[in-house]
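Contents: one structure, followed by commentary.
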DNA sequence: TATATTAGTGTCGATTCTACACTATTGCGG
DNA sequence: CCGCAATAGTGTAGAATCGACACTAATATA
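Protein chains in written order, with my numbering: chain V, 1 to 215; chain Z, 1 to 215.
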């Protein structure tokens with residue numbers, strides 16, 4: 001009933017964030033190109049913890065929302081060895097990562113738009129694409145978009161995140177009605193004065209860090 | 001970046017079916033009680049194939065709808081070894097399994113209502129409970145319930161399956177309107193005459209074996 | 001032939017969704 | 001300081017969908 005075999009159990013994490021009006025993934029350099037952060041499971045470590053550890057060690061990012069995506073076992077496993085990959089995705093709030101990834105002792109990193117990944121990661125059934133799809137579908141029935149927002153944000157910014165992830169433009173009034181009815185955000189009281197126009201009211205998540213299901 | 005470690009990678013499958021107006025799971029005997037069908041991954045084998053193989057070998061059931069559920073790594077892993085379990089669930093059509101599991105050379109088996117599992121499997125975050133939840137939520141946005149139906153079935157039977165899985169009673173007319181509007185089933189032309197009452201029209205899935213997403 | 005039992009069918013009000021346009025407030029430049 | 005450019009913020013009405021609800025139809029059996 002029990003036993004053990006030579007196994008290559010990798011964990012890979014697709015770290016996603018909104019940058020420059022696009023959904024982007026953070027990649028780390030490997031000798032032959034770019035890859036997602038990840039690595040092996042350590043003895044006694046649990047999968048969620050390992051995903052978080054690899055993400056933090058390789059990118060310096062902490063404070064991400066992490067969720068398991070799927071477990072892959074490509075048929076082309078190395079001879080005599082099993083290759084199994086447990087995939088996660090991480091959502092980074094806009095104020096949880098620097099504008100440009102600083103390679104402070106760590107390997108080189110790059111943000112890549114998910115719509116234009118390097119060849120090695122461009123795959124219609126790959127982790128990043130799957131993560132994007134999962135995220136887009138969760139927009140409809142959860143408050144997951146808040147995980148991509150900074151601590152304080154405007155409704156226009158939140159709408160932009162929804163539009164970027166879903167790829168569809170939304171009506172401003174309908175969006176506001178719908179979001180406010182969810183009772184998941186609250187006005188902070190002050191406003192963002194950015195640019196030569198009327199300031200926008202700033203909101204914050206009511207239950208920050210928590211993803212609620214809707215309806 | 002690559003390597004391998006002593007690892008206990010199990011696959012477990014929760015085989016689910018509607019029996020006696022309940023959702024039940026098929027369990028196999030182990031020395032200390034009951035467990036879900038499952039076992040280890042073989043070299044060169046892919047996870048889906050392994051799940052199907054263990055299910056077939058241990059229960060004799062083929063022709064199930066299989067879907068990966070989640071990958072678990074309990075913190076209480078045996079000392080020095082990692083315990084990782086990839087969980088699947090299997091949906092058995094009503095005509096794809098015998099009324100009582102025949103232990104033809106195989107170990108003993110039992111169908112257990114998911115609401116009354118043996119202690120060893122009763123777990124609010126366990127595989128069977130999770131599979132039940134996944135199935136119930138998929139009722140709302142897919143045609144997955146058809147995987148639990150025999151080849152030909154009545155609308156009343158299909159409604160009963162929805163009610164059993166979701167735990168909610170449904171309005172007969174609204175249910176029929178909704179299902180027929182999905183264009184996922186078609187009348188076979190003949191009727192089921194069972195008992196002293198008006199016979200029911202028999203339907204079949206239009207795209208049998210395939211689970212469509214709704215809307 | 002009467003009875004019991006399940007199959008099968010439509011409407012209406014309530015709710016939700018969707019499309020749609022103008023006023024408000026600021027910064028900046030002339 | 002005044003006008004302009006730019007974004008914020010707000011309500012309504014028609015369409016579509018949802019949900020409640022009750023009777024007739026067809027068969028087996030006694």
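All residues carry an ideal CB built from backbone N, CA and C; glycine is no exception. Values in this document were obtained by computation on a predicted structure and should not be read as measured data.
Buried/exposed call for residue i, threshold 16 Cβ in 10 Å
i	result
residue 54 of chain Z	buried
residue 12 of chain V	buried
residue 151 of chain V	exposed
residue 182 of chain Z	exposed
residue 15 of chain V	buried
residue 58 of chain V	buried
residue 71 of chain Z	buried
residue 115 of chain V	exposed
residue 174 of chain V	exposed
residue 118 of chain Z	exposed
residue 52 of chain Z	buried
residue 38 of chain Z	buried
residue 165 of chain Z	buried
residue 125 of chain Z	exposed
residue 3 of chain Z	Bear in mind that a pLDDT of 45 at residue 3 of chain Z, under 50, signals an unreliable position, so the number given afterwards is only what the model happens to contain. Counting Cβ neighbours within 10 Å, residue 3 of chain Z comes out exposed, since fewer than 16 surround it.
8 Å Cβ shell around residue i - same chain, five flanking residues per side excluded
i	result
residue 184 of chain Z	143, 146, 205, 206, 207 and 212
residue 225 of chain V	Given that chain V is displayed from residue 1 to residue 215, the structure contains no residue 225 of chain V and the question cannot be resolved.
residue 203 of chain Z	152, 153, 154, 155, 158, 185, 186, 187 and 188
residue 199 of chain V	191, 192 and 193
residue 1 of chain V	Caution applies to residue 1 of chain V, whose pLDDT of 42 falls short of 50 and renders its modelled position unreliable; the model cannot decide the point.
residue 56 of chain Z	62
residue 163 of chain V	169 and 170
residue 95 of chain Z	150 and 151
residue 45 of chain V	53
Same chain, Cβ closer than 6 Å to residue i, five either side skipped, listed in chain order
i	result
residue 140 of chain Z	none
residue 113 of chain V	22 and 24
residue 101 of chain Z	109
residue 84 of chain V	9 and 73
residue 120 of chain V	33
residue 104 of chain Z	none
residue 82 of chain Z	7
residue 138 of chain Z	144
residue 201 of chain V	187 and 191
residue 136 of chain V	165 and 166
residue 176 of chain Z	155
Contact test: residue i Cβ vs the ligand NAD heavy atom, cutoff 7 Å
i	result
residue 202 of chain Z	Among the components modelled here there is no ligand, and therefore nothing to report on the ligand NAD.
Contacts around residue i, its chain only, beta-carbon distance under 7 Å, and the 5 residues preceding and following it disregarded
i	result
residue 127 of chain V	12, 14, 36, 69 and 87
residue 50 of chain Z	11, 41 and 42
Next item on the list: Output the residue ranges of the beta strand (DSSP E) runs that lie fully inside the segment 108-166 of chain Z and measure 3 residues or longer, sorted by chain position.
Entry: For secondary structure counted as the beta strand (DSSP E) over 3 or more consecutive residues, the segment 108-166 of chain Z holds these complete runs in sequence order: 109-113.
Checklist line | Short-range partners of chain V found in the segment 32-52 of chain Z, where Cβ spacing is below 9 Å | finding: Sequence-ordered contacts of the segment 32-52 of chain Z with chain V read 35, 39, 40, 41, 42, 43, 44, 45, 46, 47, 48, 49 and 50 [C-beta pairs closer than 9 Å].
Note to self: What are the residues in the segment 78-108 of chain Z lying within 7 Å of chain V by C-beta distance?
What the structure shows: Listed by position along the chain: 80, 81, 82, 84 and 86.
Item checked: Contact residues within the segment 126-152 of chain V, judged by C-beta distance below 7 Å to chain Z -> Of all residues in the segment 126-152 of chain V, none has a Cβ within less than 7 Å of some Cβ in chain Z.
Next item on the list: Could you please tell me which residues of the segment 61-75 of chain V, in chain order, have their CB closer than 7 Å to any CB of chain Z?
Entry: Taking 7 Å as the Cβ-Cβ cut-off, the segment 61-75 of chain V approaches chain Z at 68, 70, 71, 73 and 75, given in chain order.
Next item on the list: May I ask you to verify whether the segment 186-202 of chain V touches the segment 125-136 of chain V, counting CB pairs closer than 8 Å and requiring at least 3?
Entry: Between the segment 186-202 of chain V and the segment 125-136 of chain V there are fewer than three C-beta pairs closer than 8 Å, too few to call the two in contact.
Check: Is the segment 160-179 of chain V touching the segment 4-22 of chain Z, taking contact as three or more C-beta pairs under 8 Å?
Finding: The answer is no - the segment 4-22 of chain Z does not touch the segment 160-179 of chain V, with fewer than three Cβ pairs under 8 Å.
Checklist line | Contact residues within the segment 7-28 of chain Z, judged by C-beta distance below 7 Å to chain V | finding: Flagged, chain order: 7, 8 and 9.
Next item on the list: Return the chain-ordered ranges of every alpha helix (DSSP H) run that is complete within the segment 3-85 of chain V and spans a minimum of 4 residues.
Entry: The segment 3-85 of chain V contains these whole alpha helix (DSSP H) runs: 47-59.
Check: Can you find at least 3 beta carbon pairs, one from the segment 55-66 of chain V and one from the segment 86-95 of chain V, that sit closer than 8 Å?
Finding: Verdict: yes, contact present.
Next item on the list: Take every Cβ of the segment 94-112 of chain V, pair it with every Cβ of the segment 28-42 of chain V, and state whether three or more of those distances are shorter than 8 Å.
Entry: Yes, they touch.
Notebook entry, point to check: Going along the chain, which unbroken runs of the beta strand (DSSP E) with 3 or more residues stay wholly within the segment 164-208 of chain Z?
Noted result: Whole beta strand (DSSP E) segments, 3+ residues: 185-192 and 200-205.
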